[in-house]
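J.: Shown below is the structure under consideration.
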Amino acid sequence: MELPPNGERLRRMIYNSYMFYDHLLHFYYLAAPDFVVGPTADPAARNILGLIDKVGLETGKKVIDMRAKAIDVMKYFGGKRTHPIIALPGGLTRPLDAETRDEMRKHAEEAVEFSKFTFQLFEDVVLKNKEYVDLVLSEIYGGQQTYYIGLVDDDNKVEFYDGMTRIVDPEGNEFVKYEGSDYLDHIAERVEPWTYLKVTYLKNVGWTGWVTGKDSGIYRGGPLGRLNASEGMQTPVAQAEFEKMYETLGGKPVHATLAYHWARIIEGAQGAELWLKYMQDDDILDEHIRNIPTETPSRGVGTIEAARGHLIHDYDTDENGIVTEMNLIVATTHNYAGINLSVASAAKGVIKGGEVDEGKLNMVEMAFRAYDPCMACATHSLPGKMPLEIEIYDADRKLRRTVKRNC
Amino acid sequence: MLQFQSMSAELEARRGKTLVLGIGNVIRGDDGVGIHVARRVAELLPAELAATVDVDEACTGGFDLVDYLRGYERAVVADAIKTEGGEPGTVYKFSADALKPTAHLGHSHGVNLASALAVLSGLELGAPREVTVVAVEAEWLYEFKEELSPRVAAAVEEAAAAVLEALKNPPA
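Protein chains in written order, with the working numbering: chain C, -11 to 395; chain L, 4 to 175.
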């Protein structure tokens, strides 16, 4: 069914404010300490509080403040800050009144300005530090030449809310573009015996094992994946930084895993700019926000870009609208193969001669953290306990140690 | 029409007050015991405390806890706990100072209660001056059930009483 224009407009406005704050939070609280405090710094200092020591209390407060203002948007429509119910079949919960719009528009303006500030901080802390740029581009973090996936609009610009799914090959050429409802023709899932997550790959390339390149169906989504899969950003501030990123990192596509952080703040800026754009449109006050459904659907596939990556929900329902079958492929699942390859590459690159210390472990963790993964979302198993077995091999592939828990 | 209160208005309203926060997921068996305890506290809350105590539920963890706790003078958190060899239904009461922040933060969902409090105090954003945890040893943590296990269900009353005791007699 079709949404009324302002039902869709409001949903897009809300979703973009979410994309802004979620990316902002990850950058300042999880990624930035690695760069601002230092990748091998004492773990006790390598966190938000250590970051505040370097960039100042006001910046830390501003992040929390901006996050709260963006979440206020969700609270207005969903009644609460966490797990708000906003979208309803055919539209959403409530219209926006002029007074609240005026207040929230100021917050969106602040969000755009804070995005510019964040770019400047990234320039000062990371880009002006040759050691960090070299780290971003190093083989340790940069060897995963994969396919990339993301939603795009009619002009192949990065889209979060709705659009065609576009996949590009490791050289950046369009491999396929399809409607989300056709995902089963393009995405396959496989089960590995050693993990609770499924591993996805491109059906029409095939699974060739834990390798990258054009003959491997492994692909990546999330911020860097989306930028690579697109031809640009929809908004000017984000587009300028998009161009700067590819120019700085050697052209498109960029495979460097740590560039996920740069891509993340670029997307955050687009979120802020689109949030503002919708708030500046007086049609957003239109009170026709929902068309009441008149039919019972039998199947529905939703494809959206969550902050962490491509998200697919697929439902079959009976004549009463009760779900009979469902399939969810969440962001971290799409990235799972890439995460494994990135972590393995980082581990091989920084751990030499069996020497491991906190700093090296963090440098391995940085490869994981770049994806902002949510393993809980991606793990569809609840066995009651987690049998875990870790086998540690030396360079000659000789088993040196086995660690077991609950098995 | 649904009343909307922005975060800045909420913070103003929280000034000098105490939060009772139940944390958990009520469709995951005993994981939801903190919510059940908070609901019982709301039922038993004496009239003289009603103006200074807010009772809320957080079916979440992670960074969202920052927003829940920010600006309150004090907080009492009710949650499920799993300790080595603990007897299901046992009620514990301790200061949140005993909790350790998340060791390795990989994602924003990994922020635990201690990390959230550290952020609030580190940023001078209004961390509660004192946070008490009332925890119930859980048995069914990994099953999709809307009810509590018998021993944990039987402990809700004791845990609610422990929360009320903490409200009436806060640590110095």
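Idealized CB from N, CA, C, for every residue including glycine.
Computed from a predicted structure; not experimentally measured.
1. Mind pulling the chain L residues with CB within less than 7 Å of C:Tyr3?
2. With distances taken from CA atoms, which of C:Arg55, C:Ser126, C:Ala228, C:Gly160 is nearest C:His95?
3. Around the Cβ of L:Phe147, are there at least 16 other Cβ atoms within 10 angstroms (buried) or fewer (exposed)?
4. Quick one: what's C:Met152 bridged to in DSSP?
5. Anyone know if the C-beta pair for C:Tyr135 and C:Phe163 falls short of 8 Å?
6. Quick one: which unbroken beta strand (DSSP E) runs of 3-plus residues sit fully inside the region 101 to 164 of chain L? Chain order, please.
7. Nearest to C:Phe15 by alpha carbon, out of C:Phe102, C:Val187, C:Val311?
8. Can you find a C-beta in chain L that's less than 8 Å from the C-beta of C:Leu13?
9. Please check if any C-beta of chain L sits within less than 8 Å of the C-beta of C:Asp60.
10. Is C:His174 buried or exposed, if buried means 16 or more other CB atoms sit within 10 Å of its CB?
11. Would C:His11 and C:Gly220 qualify as a contact pair, given that the criterion is a beta-carbon distance under 8 Å?
12. Give the residues from the region 241 to 256 of chain C that approach chain L closer than 9 Å (Cβ to any Cβ), ordered along the chain.
13. Residues of chain C with CB closer than 8 Å to the CB of L:Ala41, please, in chain order.
14. What number of angstroms, rounded off, separates the C-alpha of L:Gly89 from the C-alpha of L:Ser11?
15. Once DSSP output is grouped into helix, strand and coil, what is the label at C:Met314?
16. Can you name the residues that DSSP bridges to C:Thr223?
17. Within the continuous alpha helix (DSSP H) that includes C:Phe356, where are the two ends?
18. Who are the neighbours of C:Ala56 on chain L, taking C-beta pairs under 7 Å?
19. DSSP state of L:Val166, grouped into three classes?
20. Given C:Thr284, which residues of its chain have a CB within under 8 Å of its CB, disregarding the five upstream and five downstream residues?
21. Decide if C:Val391 is buried, meaning its Cβ has at least 16 other Cβ atoms within 10 Å, or exposed.
22. Helix, strand or coil for C:Thr188, going by three-state DSSP, please let me know.
23. Could you tell me which chain L residues have their CB closer than 7 Å to the CB of C:Ile378, listed as they occur along the chain?
24. Chain C beta carbons: is any one of them nearer than 8 Å to that of L:Thr63?
25. With the cut-off set at 8 Å, would you say C:Val242 and C:Lys104 are in Cβ contact?
26. Using the beta-carbon count (16 or more within 10 Å), is C:Gln108 buried or exposed?
27. With a threshold of 7 Å, establish whether the CB of C:Glu229 neighbours any heavy atom of the ligand ADP.
28. With a CB to CB cut of under 7 Å and the five nearest residues on each side skipped, what residues in its chain are close to C:Pro21?
29. Please return the same chain residues whose Cβ sits closer than 7 Å to the Cβ of C:Val432, not counting the five positions on each side in sequence.
30. Kindly list the residues whose CB is nearer than 8 Å to the CB of C:Gly(-5), restricted to its own chain and excluding five residues on each side of it in sequence; keep chain order.
31. Would you list, in chain order, the members of the region 120 to 134 of chain L that have their beta-carbon closer than 8 Å to a beta-carbon of chain C?
32. Starting from L:Asp67, find everything on chain C with Cβ-Cβ shorter than 8 Å and list it in chain order.
33. Using the three-state DSSP reduction, which class does C:His276 fall into: helix, strand or coil?
34. Do you know how far the Cα of C:Asp60 is from the Cα of L:Lys20?
35. Using a 10 Å radius around the Cβ and a threshold of 16 neighbouring Cβ atoms, would you call C:Pro158 buried or exposed?
36. For the candidate residues C:Ala86, C:Val338, C:Leu18, C:Gly67, whose alpha-carbon lies nearest to that of L:Val114?
T.: Quick look at the numbers:
1. Residue numbering aside, residue 3 of chain C sits at position 15 when the first sequence is read from its first letter. None at all; the shortest Cβ gap to chain L is about 18 Å.
2. Indexing the first sequence from 1 puts residue 95 of chain C at position 107. It is C:Arg55.
3. Residue numbering aside, residue 147 of chain L sits at position 144 when the second sequence is read from its first letter. Looking at its Cβ environment, which holds fewer than 16 other Cβ atoms inside 10 Å, L:Phe147 is exposed.
4. For the purposes of this step, residue 152 of chain C is identified with residue 164 of the first sequence, where counting begins at 1. Paired residues: C:Val140.
5. Against the first sequence, residue 135 of chain C aligns to sequence position 147. Against the first sequence, residue 163 of chain C aligns to sequence position 175. Taking the C-beta atoms as reference points, C:Phe163 is found nearer than 8 Å to C:Tyr135.
6. Segments of the beta strand (DSSP E) lying fully in the region 101 to 164 of chain L: 133 to 140.
7. Position 27 of the first sequence, counted from the first residue, corresponds to residue 15 of chain C. Considering only alpha carbons, the answer is C:Phe102.
8. The count along the first sequence starts at 1 and reaches residue 13 of chain C at position 25. Under the Cβ criterion of 8 Å, C:Leu13 is counted among the residues facing chain L.
9. As a working note, residue 60 of chain C is residue 72 in the first sequence. Yes, contact with chain L.
10. Along the first sequence, one-based indexing puts residue 174 of chain C at 186. Residue environment: C:His174 is assigned as buried (16 or more neighbouring CB atoms within 10 Å of its CB, all protein chains considered).
11. Counting from 1 along the first sequence, the entry for residue 11 of chain C is found at position 23. Counting from 1 along the first sequence, the entry for residue 220 of chain C is found at position 232. In this structure, the beta-carbon distance from C:His11 to C:Gly220 does not fall below 8 Å.
12. Taking 9 Å as the Cβ-Cβ cut-off, the region 241 to 256 of chain C has no residue approaching chain L.
13. Counting from 1 along the second sequence, the entry for residue 41 of chain L is found at position 38. Residues of chain C passing the Cβ test: none, with the nearest at roughly 15 Å.
14. Walking along the second sequence from the start, residue 89 of chain L turns up at place 86. Walking along the second sequence from the start, residue 11 of chain L turns up at place 8. Distance between the alpha carbons of L:Gly89 and L:Ser11: 41 Å.
15. The sequence position of residue 314 of chain C within the first sequence is 326, counting from 1. In the three-state DSSP reduction, C:Met314 falls in the strand class (E or B).
16. As a first step, residue 223 of chain C is located in the first sequence; it is residue number 235 there, counting from the start. Bridge partners of C:Thr223: none, in fact.
17. Your numbering for residue 356 of chain C matches position 368 in the first sequence. For C:Phe356, the enclosing alpha helix (DSSP H) has its first and last residue at 346 to 357.
18. As a working note, residue 56 of chain C is residue 68 in the first sequence. Here the neighbours are Met10, Asp70.
19. Indexing the second sequence from 1 puts residue 166 of chain L at position 163. Here L:Val166 sits in helix by DSSP.
20. Along the first sequence, one-based indexing puts residue 284 of chain C at 296. Residues Thr305, Glu307, Asn308, Gly309 of the same chain have their beta carbon placed closer than 8 Å to that of C:Thr284, with the five preceding and five following residues left out of the count.
21. Your numbering for residue 391 of chain C matches position 403 in the first sequence. Classification for C:Val391: exposed.
22. Residue mapping note: residue 188 of chain C aligns to position 200 of the first sequence, counting from 1. Strand at C:Thr188.
23. Here the question's residue 378 of chain C lines up with position 390 in the first sequence. In chain order: nothing, as chain L lies at least about 16 Å away.
24. As a first step, residue 63 of chain L is located in the second sequence; it is residue number 60 there, counting from the start. By this cut-off, L:Thr63 is an interface position.
25. Here residue 242 of chain C refers to the residue found at position 254 of the first sequence. Here residue 104 of chain C refers to the residue found at position 116 of the first sequence. No, the Cβ-Cβ distance between C:Val242 and C:Lys104 is not below 8 Å.
26. Sequence index remark: in the first sequence, residue 108 of chain C carries index 120 (1-based). With fewer than 16 Cβ atoms within 10 Å of its Cβ, C:Gln108 is classed as exposed.
27. Only the bare structure without any ligand can be found here, which leaves the ligand ADP out of the picture.
28. One-based indexing of the first sequence puts residue 21 of chain C at position 33. Result list for C:Pro21: Arg34, Asn35, Ile36, Gly38, Leu39, in chain order.
29. No statement about residue 432 of chain C is possible, as the shown extent of chain C runs from -11 to 395 and does not include it.
30. Here residue -5 of chain C refers to the residue found at position 7 of the first sequence. Within its own chain, the residues whose Cβ lies closer than 8 Å to the Cβ of C:Gly(-5), once the five positions on either side in sequence are excluded, are Gly78, Gly79, Leu80, His276, Ile277, Arg278, Asn279, listed in chain order.
31. Within the region 120 to 134 of chain L, the qualifying residues are Ala121, Val122, Gly125, Leu126, Glu127, Leu128.
32. Looking up residue 67 of chain L in the second sequence gives position 64. Residues of chain C whose Cβ lies closer than 8 Å to the Cβ of L:Asp67 are, in chain order, Arg69, Thr70.
33. Position 288 of the first sequence, counted from the start, is the residue given in the question as residue 276 of chain C. C:His276 falls in the coil class under three-state DSSP.
34. Indexing the second sequence from 1 puts residue 20 of chain L at position 17. Indexing the first sequence from 1 puts residue 60 of chain C at position 72. In a straight line, the C-alpha of L:Lys20 is about 21 Å away from that of C:Asp60.
35. If you number the first sequence from 1, residue 158 of chain C lands on position 170. In the assembly as shown, C:Pro158 is a buried residue. Its beta-carbon has 16 or more other beta-carbons within 10 Å.
36. Translated into positions along the second sequence, residue 114 of chain L becomes position 111. Looking at C:Ala86, C:Val338, C:Leu18, C:Gly67, the one whose alpha-carbon comes closest to that of L:Val114 is C:Leu18.
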